[in-house]
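Numbering (full-length UniProt numbering), first residue to last: 1 to 649. Input: a single structure, listed below in structure tokens.
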Amino acid sequence: MSGDHRSRRDVKSRTMNRFRGLHDDDEGNGTYDNNRRRGGLAGLLSRVSAGANAGQLLRRIAEKRQREEARGTAGRAENRPMVYMVKFLKAGKAAPDAIVKAVSQRMVNFKPYLIRPDEKGNMLFYVSDEEAAEALKGMNRRICDPKTSMKYPIVVVKTAATWNKIPPENVEIIKTAIKRRFNEAEMSLDLTDFSNDQEFKSHGIMVALTRNEVMIAVADIIDELFSGITALSLKNNRLRTLDYVANLIYRAPKVKVLDLSSNAIEKDEQLQKLRGWNIETLFMENCPISTTFNDGLDYVRMVHSVFPAVTALDGVAVTREIDVTETVGGPTKEELELPVVRNGFSPDPALEATIKNFIVEYLGLYDGENGKKTRQKLFDAYDDEATFTCVQENLFDGICRPDYPDPDACKYYRRNSHNICHEEKWNRYREKIVKSGRMAIAAELSTMPLTTHIMDSLVLDIYSVADSFLSFTLQGLFRDGTEAFKNDGDMCYFSRTFVVLPRDGGRVVVVNDMLTVSAISDLTLTRYKHLLTKASVASLEQPAQPATTSETMTAMAQMNVNTTVQPVTQPQLMQPQAVQPQLAQTPSTSAYDTTDPNIRKQMVDQFCIQSGMKPEWATKCLEDQNWNYEAAGKVFMDLKDQIPREAFQ
């Protein structure tokens, strides 16, 4: 008997262990056994109330529920495809489309599956091929948070997908059904009531978009054959969650019309998963979510929070409330038809000449090693009631926020920064950082870090002209602090907006001066120089266009060369003088001595900017035309298609 008893006990023990191992990845089974041993529901409640284990238990329950929802249909690991799970650690608060954009800048054809934040604050998604996984590994700590500049650690793990495999023959059947539903003339795809398609009934298979593996297959087919569609209907498919539908955002990015009507979508959290799609027309009739709003405006507002470009909702024209603080949503840069790059704007050449004179005189006193003293002479450039503010904020370049070259200069700017994004830091002592009156402004300018402005980087925009005032913005590159007088010193970016009033004798005085300074990364610096080159080429091709930055830079160069405008003890902000605004490619060579080496150097530098050529090639072009700038520019335009590629920067 004792032997039989031990035998039965061993069998029971082995059976319990075998059943326990069937679902070793499912915490729920262990929880059930523990609950039963500790008194069923009473034991469970006592564990929850224990305090230390409560959070862990609830977290396990939530994780189990999330896995079950994501898995959709049951299936063993061997029935699921192998994929690569990618985690951007601590990136859960970032927008998924921001992560996709950052990765896409470094990786071609990046199309993730199921991108979403997980319960631990990470951004999680899947990729299907090993090459993409290796590329993502290489981006570890190279992508930054746009707000904090924290570099994201990236973890890549090979794992079984959360969706099942579909037999290849069934994939071909699905592909046939989708092809028949595609309208090439309208570039639309109608997947209405997809599960009842005759193609599936004739083959005796069940294909519903509520099944995760089916939606994955549909997304892959659309990516392969119909990625250019502009209209998509998912009507009457009993969709309750949109996690897998969101995969279409990166596989059919041009969709403008989306029909989600007659589905089971109940919460706006599901619709939020489609954020990033530039939808303009949306249908959601007969969805539970559309009946949860008592006010139609709230319904429209909710839709616009996800799809800000929507102009038609459920067949009714809608308009969007404008939020000046909003920075996300709307058409992407690639989808906008960008205007031709211009070298600034001026409504009138004579007016522009006045502003150029002012800028040259102002910067002549502002820059230099004696700037602490010469800036005091800017006293008369300001009105008695003028105001001056300064903002220091390092601009995000798409990867990170660069550090300011001179920490001491940055500290000075930060201490006096009138940044409205951080108003809580200074709103109680605003009068200390807003300088009022020309005496206070001149004193403040004299204590600011010394600078050297890069004259050929300046862009002038005269954006507002009235009888009583004039407003313009000057932007460009400069060096300051310890880098100010180094030829190879690190550069920074600035933007300065002036509002000026007219005075007798053709003079103007400043009533408002707003300065913004920022560090500039190598990537942004390259982009800025590229834009200047494009703008210069555009001005060469369209010489009739007035008021370009080419004029501004050339006029400034001519002023320095001719010394027709000398730095004076106080800026006279004069009326237009003999300096005629001219396009950069056709300055009058008779205006100065072209045998002077300094003049020739400035001509070469200017020609490099306007043509995009290297200095040695620009020099050769000018030499061939006996330093006739106008003739050299004409020859360049006539022969630019024949110039070898290595001649350009």
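Beta carbons are placed, not taken as given, at the ideal position from N, Cα and C, and that holds for glycine. Computed from a predicted structure; not experimentally measured.
A Cβ-Cβ distance of about 19 Å is found for the pair I462 and S536, leaving them out of contact under the 8 Å criterion.
Less than 8 Å separates the beta-carbon of A231 from that of K256. With respect to I222, I174 sits apart: the two C-beta atoms are not nearer than 8 Å. When secondary structure is reduced to three states using DSSP, N294 falls in the coil class, being assigned neither helix nor strand. By the Cβ neighbour-count rule, D488 is exposed, with fewer than 16 other Cβ atoms within 10 Å of its own. The C-beta of K179 has fewer than 16 other C-beta atoms within 10 Å across all chains shown, which makes the residue exposed. Here DSSP, grouped into helix, strand and coil, assigns P117 to strand. In the structure shown, H453 falls within a strand segment according to DSSP collapsed to helix, strand and coil. Of the other Cβ atoms in all chains shown, 16 or more fall within 10 Å of the Cβ of H418; this residue is therefore buried. With fewer than three CB-CB distances shorter than 8 Å, the segment 398–412 does not count as touching the segment 346–364. For M302, same chain residues with a beta-carbon under 6 Å away, outside a window of 5 residues either side, are D268 in chain order. R496 has L474 and L515 as its beta-bridge partners, per DSSP.
About 7 Å separates the CB atoms of E213 and K165; that is less than 8 Å, so the two are in contact.
For I174, there is no enclosing beta strand (DSSP E); the enclosing alpha helix (DSSP H) has its first and last residue at P168 to R181. Judged by their CB atoms, T210 and N170 are not nearer to each other than the 8 Å cut-off. The C-beta separation of I454 from L477 comes to about 4 Å, placing the pair in contact by the 8 Å criterion. Taking F379 as the centre and dropping the five residues before and after it, the same chain places the C-beta of R438 and A442 closer than 6 Å to its C-beta, in chain order. Put simply, the segment 463–474 does not touch the segment 385–401. Fewer than three CB pairs are less than 8 Å apart.
With a cut-off of 8 Å on Cβ pairs, the segment 361–381 is not in contact with the segment 425–434, counting fewer than three such pairs. If you look at Q392, you'll find it in the beta strand (DSSP E) that goes Y382 to Q392. Between the segment 87–106 and the segment 275–293 there are three or more C-beta pairs closer than 8 Å, enough to call the two in contact. Taking 8 Å as the cut-off, the Cβ atoms of D480 and L450 count as close. The residue among N286, P253 and V340 with its C-alpha nearest the C-alpha of A219 is P253. Boundaries for K256: no beta strand (DSSP E) harbours it, and the DSSP string shows neither H nor E there. The criterion of a C-beta distance shorter than 8 Å is not satisfied by A519 and Y366. Under DSSP, T281 shares a beta bridge with V257 and A312.
Here D397 has S521, L523 and T524 as same chain residues with Cβ atoms under 7 Å from its own Cβ, once five neighbours each way along the sequence are excluded. Contiguous beta strand (DSSP E) elements confined to the segment 228–254 occur at 231–233, taking only those with 3 or more residues. Annotation for D190: the continuous beta strand (DSSP E) segment containing it runs S188 to D190. If you draw a straight line from the Cα of T176 to the Cα of Q198, it comes to about 11 Å.
Secondary structure note for I154: its beta strand (DSSP E) is the uninterrupted segment I154 to A160.
Counted as a single uninterrupted DSSP element, the alpha helix (DSSP H) harbouring K432 occupies residues R430 to I433.
DSSP places L124 inside the beta strand (DSSP E), whose first and last residues are M123 to V127. Per DSSP, reduced to three states, the secondary structure at R60 is helical.
Under a 10 Å Cβ-count criterion, T291 is classified as exposed, with fewer than 16 other Cβ atoms of the shown protein chains found around its own Cβ. Beta-bridge analysis with DSSP links S464 to S471.
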